[in-house]
Amino acid sequence: MNRKRRNVVFAVCFIVAGMTIATTLALKAFRENLLYFYSPSQVQAGKAPQSRPFRIGGLVEEKSVVRNPDNLTVQFVLTDTMQTVTVVYDGILPDLFREGKGVVANGKLRSDGVFEAFEVLAKHDENYMPPEVADALAAANKPITVNSVVKPE
Amino acid sequence: MLRHINQFASPKNFYALSCKLVHYFGGACLLLFVAGVFGGLLFSPPDYQQGESVRIIYVHVPSAWMSLFVYIVMAGAGTIGLIWRIKIMDVIARSSAPLGASFTFLALATGSLWGKPMWGAWWVWDARLTSELILLFLYLGYIALQSAIEDPRMAARAGAILALIGIINIPIIHFSVEWWSTLHQGPTVSKLDAPSIHIDMLIPLLLMALAYMCYFISAVLMRARCDLLALERNSAWVGELIGERSR
């Protein structure tokens, strides 16, 4: 390998290594801002912003959805299996909104600790299967493992 | 060994060999695509949560995979061209860019169409979607840089450096759903223990992914052949080629 070529190889390694280090540091610095949503545990620990809107994500607790028969207001409990936050929402829920499934709600935390959402998005999980298979799993009492909704800290 | 590589890398031999490869991969693409489309749209089952809407997976996921793969090809070929000064590699890098940009656009557009009924939003600024959008801008920047510099040798060098700088985005896109909490769901097929997709859906998905791959190979070779003819228009072998044809 002649000298000129070796210099080019060094330059290539330098660019890649430099970019990797720079990006790693930048991403570490902006860690908080890159979170698309906070978990109920983080909210209960007071890590979520108090004065401005933010997003909260988790599983809708089974049998926690209460609908108002007169209007579109709906109340449900979000859980990350450790902590819970009660959410109220006035609007149309997405089709994939189900008890036991993941959602992300955008809104503000009221002073009484209830999260008032102005937008609710459904977060579908990474499992794809025909309905018959899901029914068979349910009949056999086998849980469908979900990795993506609740993240370890 | 090195001589074989050099022989392949000579524009004349590449031109002759790529002609055959275009036909093989083009034919394979057609067969796989027909099998994948029919398998995905007619024979695969609906999803237990998403119903029939899940079928967009057969277009969306292969395009997203290809958008990453084509970038790696582009940056890899550009780097080899930069270090060993192989003209073919520069040409392949340049030919890959518009194809990669198309795959990225397709992934973003189909994802948006999927997002509205499933999530309830056309677009969200989560880590996966944002990094994929940056990938589209990287491709567009590369294409703009190529057309801004007139000297092909200089353009190839500048493009290779830009592609190298941008390659850090590829692991970020791939791992974004694991590193940060995103609205986009986590990995399905690349999970190490067992892919959490039913086999009846996995087979058409993989058929479509192979069809996309074959399409890319034949399309990039076709583009590279045209580019090469234009670059080498004053060389002896192109003169011979044209002489043979016109006779």
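In the order they appear, the protein sequences are chains E and U.
For the first sequence, the working numbering begins at 1094 and goes up steadily by one.
For the second sequence, the working numbering begins at 58 and goes up steadily by one.
We put the CB at the ideal spot given by N, CA and C, even for glycine.
Selection from the options that minimises the alpha carbon distance to residue i
i, options, result
"E/Glu1219", "U/Gly157, U/Glu235, U/Ala134", "U/Glu235"
"U/Ser124", "U/Arg280, U/Asp284, U/Gly300, U/Met270", "U/Met270"
"U/Met131", "U/Ser153, U/Trp141, U/Ala276", "U/Ser153"
"U/Leu240", "U/Asn226, U/Arg290, U/Ala217, U/Trp180", "U/Trp180"
"U/Ala266", "U/Asp104, U/Ala73, U/Pro119", "U/Pro119"
"U/Pro209", "U/Asn70, U/Val79, U/Cys283, U/Leu288", "U/Leu288"
"U/Leu219", "E/Val1109, E/Asp1173, E/Arg1145, E/Pro1133", "E/Val1109"
"E/Asp1163", "E/Asp1183, E/Gly1151, E/Asp1228", "E/Asp1183"
"U/Arg214", "U/Ile140, U/Leu264, U/Phe232, U/Gly168", "U/Ile140"
"E/Leu1189", "E/Val1102, E/Ala1141, E/Val1153, E/Arg1098", "E/Val1153"
"E/Glu1125", "E/Gly1111, E/Pro1142, E/Lys1097, E/Ala1233", "E/Pro1142"
"U/Tyr72", "U/Trp294, U/Leu88, U/Gly300", "U/Trp294"
"U/Ala164", "U/Ala121, U/Ile129, U/Cys86, U/Arg151", "U/Ala121"
Under 9 Å between C-beta atoms of residue i and residue j
i, j, result
"E/Leu1186", "E/Ala1215", "yes"
"U/Ala212", "U/Leu202", "yes"
"E/Val1167", "E/Gly1206", "no"
"U/Ile114", "U/Gly96", "no"
"E/Glu1192", "E/Glu1155", "yes"
"U/Trp237", "E/Tyr1129", "yes"
"E/Arg1160", "E/Val1197", "no"
"U/Trp171", "U/His117", "yes"
"E/Met1222", "U/Asp284", "no"
"U/Ile227", "E/Thr1116", "no"
"U/Gly84", "U/Leu264", "no"
"U/Pro68", "U/Ser204", "no"
"U/Ala268", "U/Phe90", "yes"
"U/Thr245", "U/Ile254", "yes"
"E/Val1158", "U/Gly177", "no"
"E/Met1112", "U/Leu221", "yes"
"E/Leu1118", "E/Leu1127", "no"
Own chain partners of residue i with C-beta closer than 8 Å, once the 5 adjacent residues on each side are dropped
i, result
"U/Ile137", "Ile143, Met146"
"E/Ser1241", "Any reading at E/Ser1241 needs caution, since the residue's pLDDT is 45, under 50, leaving its predicted position unreliable; the model's value is listed next. Excluding residues within five positions, the ones whose Cβ falls inside 8 Å are Gly1195, Lys1216, Asp1218, Glu1219."
"U/Ile230", "Leu125, Arg185, Ser188, Glu189, Leu192"
"U/Cys76", "Arg282"
"U/Phe162", "Leu193"
"E/Val1136", "Ile1149, Gln1176, Val1178, Leu1202, Phe1208"
Contacting residues, own chain, Cβ-Cβ under 6 Å from residue i (five flanking each side not counted)
i, result
"E/Glu1209", "Val1181, Gly1200, Lys1201, Arg1203"
"U/Phe100", "none"
"U/Met258", "Ser101"
"U/Leu78", "Leu278"
"U/Gly223", "Leu195"
"U/Phe82", "Cys271, Ile274, Ser275"
"E/Ser1134", "Asp1173, Met1175, Gln1176"
"E/Gly1150", "Phe1130, Val1197"
"E/Lys1244", "Reliability fails at E/Lys1244, whose pLDDT of 48 lies under 50, so the model's placement of it is uncertain and the value that follows must be treated cautiously. Once the five neighbours on either side are set aside, E/Lys1244 has no close Cβ partner at all."
Bridge partners - residue i, DSSP secondary structure assignment
i, result
"E/Tyr1221", "U/Ile254"
"E/Lys1216", "E/Gly1195"
"U/Glu109", "Looking at the DSSP assignment, U/Glu109 forms no beta bridge with any residue, so it has no partner."
"E/Gly1200", "E/Phe1147, E/Ala1210"
7 Å CB neighbourhood of residue i in its chain, flanking five on each side removed
i, result
"U/Ile149", "Ala134, Val277, Ala281"
"U/Ala158", "Leu193, Tyr196, Leu197, Ile200"
"U/Met175", "Gln107, Ser110"
"U/Ile206", "Ala212, Ala215"
"U/Pro155", "Ile200"
"E/Phe1211", "Asn1199, Gly1200"
"U/Val127", "Ser153, Leu156, Gly157, Phe160, Phe273"
"E/Ala1105", "Per the sequence shown, the amino acid found at residue 1105 of chain E is Val instead of Ala. Same-chain partners within the cutoff: there are none."
"U/Ser233", "Ala184, Arg185, Ser188, Thr239"
"U/Ala217", "Gly135, Thr136, Gly138, Leu139, Ala150"
Cβ of residue i within 9 Å of any chain C Cβ
i, result
"U/Gln203", "Looking at the structure shown, chain C is missing, and the protein chains on hand are E and U."
> Fully enclosed by the segment 1132-1189 of chain E, which beta strand (DSSP E) runs are 3 residues long or longer?
Replying inline: 1147-1153, 1166-1172, 1177-1183
> Which residue spans inside the segment 62-104 of chain U form an unbroken alpha helix (DSSP H) run of at least 4?
Replying inline: 68-95
> At which residue ranges does the segment 182-249 of chain U contain complete beta strand (DSSP E) runs of 3 or more residues, listed in the order of the chain?
Replying inline: At a cut-off of 3 residues, not a single continuous stretch assigned as beta strand (DSSP E) sits fully inside the segment 182-249 of chain U.
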